[in-house]
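**Student:**
Numbering (UniProt numbering), first residue to last: 1 to 265.
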C-alpha cells in the first residue's frame with residue numbers, strides 16, 4: 001500500500017494549520033513524525049487516516065483519491081491509534097481488542113478462527129494478554145494505551161498510524177513498544193508514529209519527518225534529519241551525541257539553546 005499526500009493543507013479562516021505538506025508513505029518502514037507542540041503532527045496524521053479532510057491538496061491510496069476508497073476497504077488496510085481515544089463503556093480488554101477485527105467481519109457475524117488468532121497475537125505482542133478479563137475503567141493510562149495498540153494491531157492493516165503511542169508508558173514498555181513497531185515494519189507494514197522522545201525516535205526509526213509551524217522542514221534518515229541546526233531552530237534545544245556499547249549512535253537532547261535560553265537558579 002502506498003499513501004501519498006500532495007501539497008496537503010488545512011486552513012481555518014485565515015489561520016493556516018497545515019501548509020503544503022507532501023510525503024510518500026509505503027510498506028516496510030518505521031517513520032517517526034516529530035516536531036514541537038502545535039507543529040501540526042496530529043492534524044497531518046488525521047488527514048492521512050482519512051478522518052479530517054484537507055482544505056487544499058490531494059491524498060491518494062495506491063494512486064486513487066482517498067475519498068474514492070470505500071470505508072470498509074480503508075478500515076482493513078489502514079489502522080489508526082490516536083491519543084484520547086477512549087472506549088466509552090466498561091468493556092473487557094479482550095472485547096476491546098476484538099474491535100480491531102470489525103473491518104474483516106460482516107455485521108453481527110461471530111468471530112472466526114482467523115479473528116481469534118489475530119486477537120491473541122495482537123494481545124501477546126502488546127503485552128496485554130494477562131489483562132484479557134480486566135474491565136477498561138480499571139486500567140492505568142499505560143495499560144490502556146497498550147490495549148488500544150493491541151486493538152490497532154489486531155486489524156493487521158498494511159499501514160499503522162499511531163499518535164504518541166509511547167507517551168503514557170513506563171521506560172520498559174516504551175522500549176518494548178518501539179521494538180514492536182520496528183519489528184512490525186520489518187514484516188512489510190508501514191508504521192508512522194507521532195513521537196516526542198527524540199532519543200528513541202533516532203534510535204528506532206528508519207526515517208524522521210520533522211514538522212514546524214504546520215510545515216514539513218525535514219524528511220530523511222534520523223542522523224540527516226535531526227541535525228544540530230534543526231534541533232536548535234525547530235525545538236530550541238542542543239543535544240549530546242554518542243555511540244552506545246553496541247555501536248548504535250544516539251542523540252540526547254540536553255539543554256535549551258538559542259536566544260530564549262536562561263540560566264536557572
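Built from N, CA and C at the ideal position, the CB exists for glycine as well.
Between which two residues does the beta strand (DSSP E) holding residue 25 run?
**Tutor:** Looking at the DSSP string, the run of the beta strand (DSSP E) that includes residue 25 is 15-25.
**Student:** Would you mind working out which of 65, 29, 34 sits nearest residue 8, comparing C-alpha positions?
**Tutor:** With distances taken between Cα atoms, residue 8 lies closest to 65.
**Student:** Are the segment 154-167 and the segment 114-130 in contact at 8 Å, needing three or more beta carbon pairs?
**Tutor:** As far as the Cβ criterion goes, the segment 154-167 touches the segment 114-130, which means the pair count is three or higher.
**Student:** Taking all protein chains shown into account, decide if residue 12 is buried (16 or more other Cβ within 10 angstroms of its Cβ) or exposed.
**Tutor:** Flag for residue 12 reads exposed.
**Student:** Excluding sequence positions up to five away, which residues of its chain have a Cβ less than 7 Å from the Cβ of residue 226?
**Tutor:** Only 198, 202, 208, 251 meet the Cβ criterion.
**Student:** How about residue 204 and residue 36: do their beta carbons lie closer than 7 Å?
**Tutor:** It is not a contact, given that the beta carbons lie outside the stated cut-off.
**Student:** Kindly list the residues whose CB is nearer than 6 Å to the CB of residue 14, restricted to its own chain and excluding five residues on each side of it in sequence; keep chain order.
**Tutor:** None.
**Student:** Assign residue 131 to buried or exposed, taking buried as 16 or more other Cβ atoms, counted over all protein chains shown, within 10 Å of its Cβ.
**Tutor:** Per the 10 Å Cβ criterion, buried.
**Student:** Could you compute how far the alpha carbon of residue 31 sits from the alpha carbon of residue 192?
**Tutor:** Approximately 5 Å, taken between the alpha carbons.
**Student:** Helix, strand or coil: how does DSSP classify residue 240 here?
**Tutor:** Three-state DSSP puts residue 240 in a strand.
**Student:** My understanding is that residue 27 touches residue 189, with C-beta atoms under 8 Å, so please give their C-beta distance in whole angstroms.
**Tutor:** That pair is a contact at about 7 Å.
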